[in-house]
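Below is one structure; the comments refer to it alone.
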Ligand code: SF4
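Residue numbers (our numbering): 4 to 94.
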């Protein structure tokens, strides 16, 4: 249904006949960490994320995985070498 609270006119999963079912009854505005992200949308009620209803939560365990202005570090798993097998290979 279309939002009738803070992101008026946006089709949203949380909007039901009896109002917004998300958290306190509406989305939360973007946080400091979001500034510069292309997912930010401006509304008369403030700035909101087009992907997430509570942007601050996306940053509680690191970089938001949908952020366009910063990239999450990609950690590559190093192949563990068994020292015993490696020493045998040398002979
Ligand atoms: S995608 Fe992530 S960083 Fe961008 S506005 Fe939304 S919550 Fe913030």
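A virtual CB, placed ideally from N, CA and C, is assigned to each residue, including glycine.
Taking every protein chain shown into account, the CB of residue 83 has fewer than 16 other CB atoms within 10 angstroms, so this residue is exposed. A straight line joining the alpha-carbon of residue 50 with that of residue 73 spans about 19 angstroms. Ordered by chain, the residues meeting the criterion of a beta-carbon within less than 6 angstroms of a non-hydrogen atom of the ligand SF4 are 33, 37, 40, 42, 43, 52, 54, 55, 58, 61, 67, 69, 70. Residue 7 carries a coil assignment under DSSP once its states are collapsed to helix, strand and coil. DSSP places residue 46 in the uninterrupted beta strand (DSSP E) bounded by 43-46.
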